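Numbering (the UniProt record's numbering), first residue to last: 1 to 285.
Okay, structure coming up:
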């Protein structure tokens, strides 16, 4: 038996569930599912099956459905349970709750009512894909699902074009080819990755520039859960002549160190490289 029955204080407990492989659940998540007074889920059948796999008994509890179409009635029912001093565990169908999944209104309402809101964290398709994509991870932006229509999709991509980080999208297999084509048209031929069926039997990662990725999808369509990642926009390469001109201008009223710092920041270049060039120019003048 992997779970323990623990005493949970009254409050709302978000529970992350596996995105594919059932064993990717955490021991703490199992403890919360075993111990909560009230269980709620985006998909009651998925949670029931997950609990059966891990031998977590319902113990006479029923699972309350809570999703985007539940309305305020279901939310109020869960809040009332917390008001009565009960612990409420809410699980998404897959991955972290609220990340392109329901739960935000419930979280906000519970917090505004002064209740404890906490989380048993776990798997996330977005972060898992970022780990595998081979794209920069120092900054990223999760954009969720793009609009269905191409015009609206391209407009949204234009809004995201200049974000200085890796872009992460969720997409359906039916729309993914059209979405990647629109990405290539709006964002340019940036490095990208398509990750599908993460942690499952047919896990696959395709890494290629957007245009190549789009062509590959036309020839070899994909199925399953998909995460798309696109590299940030890159500055155009600066020619050595332009760099030298900018340094000469900066050196007129600044020290070598300051001039190098100004030009390096202007072009997003390493300070050491620009400083060495500034030194050479200063010696030659």
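Think of the CB as a built atom: it goes at the ideal place given N, C-alpha and C, for glycine as much as any other residue.
Just so you know, these numbers come straight off a predicted model, no measurement behind them.
Could you give the uninterrupted runs of the alpha helix (DSSP H) lying entirely in the stretch 93 to 126, keeping only those of 4 residues or more?
Here the runs fully enclosed are 104 to 112.
Ordered along the chain, which non-local residues of its own chain (more than five positions away) have a Cβ less than 6 Å from that of residue 133?
Contacts found: 193 and 229.
Just to confirm the assignment, what range does the beta strand (DSSP E) spanning residue 196 have?
191 to 196
List the DSSP bridge partners of residue 11.
87.
Contact set for residue 102: own chain, Cβ-Cβ below 7 Å, skip 5 residues either direction:
42, 66, 67 and 68
Please confirm whether residue 198 and residue 20 have their CB atoms less than 7 Å apart.
yes
C-alpha gap between residue 74 and residue 208, whole angstroms
So the alpha carbons of these two residues sit roughly 44 Å apart.
Sort 171, 272, 104 and 185 by Cα distance to residue 196 and report the nearest one.
171
Report, in whole angstroms, the separation of the C-beta atoms of residue 154 and residue 186, which I expect to be a contact under 8 Å.
5 Å
Examine the Cβ distances between the stretch 52 to 59 and the stretch 27 to 42 and report whether three or more of them are shorter than 8 Å.
yes
Hey, which unbroken runs of the beta strand (DSSP E) at 3 residues or more fall wholly within the stretch 162 to 221?
Residue ranges of uninterrupted beta strand (DSSP E) with 3 or more members, entirely inside the stretch 162 to 221 and ordered along the chain, are 166 to 171, 191 to 196 and 204 to 209.
Identify whether residue 39 lies in helix, strand or coil by the three-state DSSP scheme.
strand
Jot down the residue ranges of each uninterrupted beta strand (DSSP E) in the stretch 42 to 85, minimum 3 residues, whole runs only, in chain order.
63 to 65
Cβ of residue 163 within 7 Å of Cβ of residue 142?
no
Assess contact between the stretch 216 to 226 and the stretch 236 to 252, defined as three or more Cβ pairs (one per stretch) separated by less than 8 Å. Is contact present?
no
Report all residues from its chain with a CB closer than 8 Å to the CB of residue 137; omit the five preceding and five following residues, and keep chain order.
Only 130, 131 and 166 meet the Cβ criterion.
Taking Cβ to Cβ, would you say residue 1 is nearer than 7 Å to residue 71?
no
Near residue 212, which residues of its chain fall below 6 Å by C-beta distance, leaving aside the five closest residues on each side in sequence?
There are no such residues.
What three-state label does DSSP hand residue 226 in the structure shown?
Reduced to three states, the DSSP call for residue 226 is strand.
Looking at the strands, I want to know which residues DSSP matches up with residue 17.
95
Taking only beta-carbon positions, decide if residue 88 is within less than 7 Å of chain C.
Among the chains in the structure shown there is no chain C, since it carries only a single protein chain.
Going by DSSP in three states, residue 233 sits in which element: helix, strand or coil?
In the structure shown, the three-state DSSP call for residue 233 is coil.
Excluding the five sequence neighbours on either side, which residues of its own chain have a C-beta within less than 6 Å of the C-beta of residue 284, listed in chain order?
none
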